[in-house]
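Following the working numbering, the numbering of the sequence shown begins with 2 at its first residue and continues without gaps. Quick reminder that beta carbons are idealized off the backbone N, C-alpha and C, glycines included. The structure displayed is predicted, hence computed values, not measured ones. Here's the structure, in structure tokens; my notes come after.
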Amino acid sequence: MRTQHKTILIGVKFSRITAAIARRGICLLIVLSAWGAPQAMGAHLTAIDLGDTESEASNKVAVQHAEIVNQTYPGTATRPEAAGETGRRISPAKEQNAGWIDFDARVIPDAQNYITLRVWGSDETWSALNLLMNDGTVDLGNLWPVNTREKPFPGRWIYRTCWIPREATDGRSSLRLRLQAKAPTFAIYNIYTHTEPYFEPPAGDRQGTPFVWGTSREKTADFPDLEARLRERALNDIKHVMAADLIRSEYGPSHRNTLRMLASLPLIYHRDWSGHHHDPQIPRRVRDAVDLHVRRQAQQGGDPGAMFYRGWQAHGLIALAYHRLHEQFVELGWLEERIDHDANPGTPTVTRREAYADFFSDSFEWRRSDRRHYTNQPVHISRGLYAMQKALRMLDPKRALTEAQALWYVHEAMGLEPLRSREFGIDAEAAGFPFYTITDKGLTRELGYVDGYGELTDAMLLLVEETGCPRVKERTRQFLTTRSYFRIPTNDGDGFRALRGIGFMSWRSPNYPYMLRYNGIHEAAVLENPAAVRLGQLEIEHGRPYLYGPTVSRGVHWDAAETIHEYERYLKLKEMPMTAHRLPMEPGQPDFVWADEEVGVYVFRHGDAHVYGSVFHGYAMGGEAIGTVGPLNFTRPDADRFAEVRFEAFAPPSGLFINVDHPFGRRAYEQTPPPPGMKQWQELPPNAIDRRAGLAYFYRLHYGDYLIGMNTTGQGSYRQNSYVLAIPKGYASAVDVGTGKTVDLKQPITVGPRSTLVLHLIKDQQ
2 MRTQHKTILI GVKFSRITAA IARRGICLLI VLSAWGAPQA MGAHLTAIDL GDTESEASNK
62 VAVQHAEIVN QTYPGTATRP EAAGETGRRI SPAKEQNAGW IDFDARVIPD AQNYITLRVW
122 GSDETWSALN LLMNDGTVDL GNLWPVNTRE KPFPGRWIYR TCWIPREATD GRSSLRLRLQ
182 AKAPTFAIYN IYTHTEPYFE PPAGDRQGTP FVWGTSREKT ADFPDLEARL RERALNDIKH
242 VMAADLIRSE YGPSHRNTLR MLASLPLIYH RDWSGHHHDP QIPRRVRDAV DLHVRRQAQQ
302 GGDPGAMFYR GWQAHGLIAL AYHRLHEQFV ELGWLEERID HDANPGTPTV TRREAYADFF
362 SDSFEWRRSD RRHYTNQPVH ISRGLYAMQK ALRMLDPKRA LTEAQALWYV HEAMGLEPLR
422 SREFGIDAEA AGFPFYTITD KGLTRELGYV DGYGELTDAM LLLVEETGCP RVKERTRQFL
482 TTRSYFRIPT NDGDGFRALR GIGFMSWRSP NYPYMLRYNG IHEAAVLENP AAVRLGQLEI
542 EHGRPYLYGP TVSRGVHWDA AETIHEYERY LKLKEMPMTA HRLPMEPGQP DFVWADEEVG
602 VYVFRHGDAH VYGSVFHGYA MGGEAIGTVG PLNFTRPDAD RFAEVRFEAF APPSGLFINV
662 DHPFGRRAYE QTPPPPGMKQ WQELPPNAID RRAGLAYFYR LHYGDYLIGM NTTGQGSYRQ
722 NSYVLAIPKG YASAVDVGTG KTVDLKQPIT VGPRSTLVLH LIKDQQ
């Protein structure tokens, strides 16, 4: 297929993706604003100082269950940075329906308007806060759609900015707005409206103390040597496993821990430090447990899908338990013993070898028929598929796949082969537009960026070790290096230095802030690449293991194998030389721009500014069509801008739309053109949709003095294009943040396929 390579000038004379709104039977077209002059910093249409009598009166503030607060917190002194500050906290009691703050807000009728709330980063109470209009009859959305479990920005201010739907402001110069919460939430100190996505605080706003990375946590006097503590934890887990009842088979969620413990028994058996090295009871326990699973599956009509709740890993764990002790089964003659494989006295007995082979063969065929497509699921499932085939090769090689064939499933899950477990993936590959579960640059592919479910190196490490495949190891190294861009310096609750992940822009279960995260000791020892070793050495340098108790929490994700591996991997890591590698966001590192255009994620560092954002986010249309709203976090040492901003998105017209209802009617979001030969994208139900239907070809975001251009089109694909990035009026020059070079704004600035450009714009002084 011949692919034309076009250069498209983006400007007001060219079509752009817009949202068609069906209102009162009339289809209107929202056209994104044309390139404007430099942003008027500090041009606030509304500025309300909550708690100030004069300011509240001038903006007709009315409240219900929203008391005035200052910056005194239980057990702490008043923050000096917030001395004299007052705000209001919406705090309805349980028996009260809701609390709210009503106010008048000025807006511009023919522009995109934003609302910004000023909140204190050390607040300890956080919950949903909705923006409403018309005396609370029209809900414009949740202004705090993230999980906040701790102080998000201690000792400093957060400016939370959200876009106001254009339909709410069309034809209006003022609105009556309401902030409403059904549970106690954070105190709000100031409310602003403005027309630019970047919020510039008033000159009089006092900022907090700039962030300083704390000292590392030191070992306490009663803490043993780290090696001794890790060994102690592993031995305690081993003791727990050895005492557990593992000869049982059940459907419910508790099967997960049972089967993980079963799979850890061979690890205990083979380790000379475990206290149970070559303990004869271990093979017997594994034999009896597998026998029980075989019988129960036969009693379920031979249906593996009826065996376990969400059985993505279950049969694979049973296979691991068996094949890790296969030699012992052979030596003891157990495979040739005849057993009751179905608890039915009317059927003849079979050899254990035959019963196990049938069990793993049937389970493999069932599980491979639905390998899922959200990346974490195929990764976990592929581990089980590989383990079942390894067990089957030991039991009956004629019925098994070859090693290379079994590895294909792992390669598919790791994004090394196109996805073929979904009809949309098969159709897309046939059309020359294959879908991979992991992007070329190493992020999981879902509806955009993912925090918890996107952190998969722990599962990938298991595949590295269990397959021994160099391609899997190299892919995992790349994946870990990519995640290192999402590690930022922070201080823990005690003020000690740590690293934190990025979670605010996760399309599912977003967190602000995200948890402390390293991917350290395990990854460093197995992968041995610079980013992994640095993360592992920082985890130890920061003293994070000094918080370890002698036992681990044995929750739903607990796995004794993890503590066994951690002890052994630490022994390897501590012998490694200190790496000179530094993480991108560590202090003193140079400016950079990093982006993954396949999922619309961008990251850059410019001086003391750290910026994360996404232009491809689940939101209303679920990634099925092009959206023009996304999350952004612009952090400087003394203040944090946490925003939902509008940007411009461009793609050829397709004539395919996804309709989404909203308070003002119905929006029709356009999809991108499907691959050649496909008339339309797959729809739900019954087939999962290819979310590239909602990935525009080009995105443009003007945020403060920064201009971002992202070209998502792939080299050699039917989408391949280059775009000329239009520059707003009133700027004299610019600096390419990624290279530090000055850019000549008089010349066309082209953004090529699958690349992202971030410019720091410098205003014309005339």
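Under a three-way DSSP split, which group does residue i fall into?
i	result
I750	coil
L464	helix
H316	helix
R509	coil
P471	helix
V120	strand
L297	Just to set this straight, residue 297 is Arg in the shown sequence, not Leu. If DSSP states are grouped into helix, strand and coil, R297 belongs with the helices.
G193	The question names Gly, but residue 193 is Tyr in the sequence shown. It is a strand residue.
N492	strand
G556	coil
F212	coil
F309	coil
T352	strand
D111	coil
P546	helix
W335	helix
M134	strand
S617	First, the residue type needs correcting, since residue 617 is Phe and not Ser in the sequence shown. Coil.
I565	helix
A182	strand
In the DSSP assignment, what are the bridge partners of residue i?
i	result
H582	Note: H582 sits in no beta bridge, so no partner.
D662	R667
I159	V120 and D641
T176	Just to set this straight, residue 176 is Leu in the shown sequence, not Thr. Bridge partners of L176: A106.
M243	According to DSSP, which records beta bridges pairwise, M243 is partnered with nothing at all.
Y199	Bridge partners of Y199: none, in fact.
S734	I763
V380	The partner list for V380 (beta bridge, DSSP) is empty, contrary to what the question assumes.
Y700	A650 and M711
S250	Per DSSP, none; premise fails for S250.
F635	V612 and R642
Let's test the definition: count the other Cβ atoms within 10 Å of the Cβ of residue i and tell me whether it reaches 16, buried, or not, exposed.
i	result
N722	buried
A694	buried
L760	buried
A1	The structure shown does not extend to residue 1, since the chain is modelled only from 2 through 767, so no value can be given for it.
A229	exposed
L268	buried
S255	exposed
P349	exposed
T8	Low local confidence applies: a pLDDT of 37 at T8 is under 50, so the model's placement there is unreliable, with the coordinate-based value given in what follows. Exposed: under 16 other Cβ atoms inside 10 Å.
H279	exposed
G614	buried
N660	exposed
H558	exposed
T743	exposed
A344	exposed
Among the residues of its own chain, which have a CB less than 6 Å from the CB of residue i, if the five just before and after it don't count?
i	result
V351	H342
Y375	E447
A290	L247, I248 and L263
N71	T87
Excluding the 5 residues preceding and the 5 following residue i in the sequence, name in chain order all residues of the same chain whose CB lies nearer than 7 Å to its CB.
i	result
V147	F505, P511, N512 and Y513
L169	Sequence check: residue 169 is Ala here, not Leu. Counting only Cβ-Cβ distances below 7 Å, and skipping sequence neighbours, we find M134, L141 and L176.
L420	H374, E413, G426, F436, Y437 and T438
A432	P676, P677, G678 and M679
R720	Y698 and T714
S275	I239 and I269
R107	L46, T47, S174, S175 and T194
Excluding five sequence neighbours on each side, which residues of the same chain lie with their C-beta closer than 8 Å to the C-beta of residue i?
i	result
T210	E82, G156, R157 and D639
E68	R89, R90 and S92
A460	N377, V380, H381 and R384
Y252	A307, M308, F309 and Y310
What is the C-beta distance between residue i and residue j, in whole angstroms, given that I count them as a contact (C-beta under 8 Å)?
i	j	result
F154	D452	F154 to D452, Cβ: 18 Å. No contact.
R400	S362	6 Å
H607	D597	The Cβ separation is near 19 Å, so there is no contact.
A502	R518	Correcting the residue type first, residue 502 is Gly in the shown sequence and not Ala. That pair is a contact at about 4 Å.
F104	N60	5 Å
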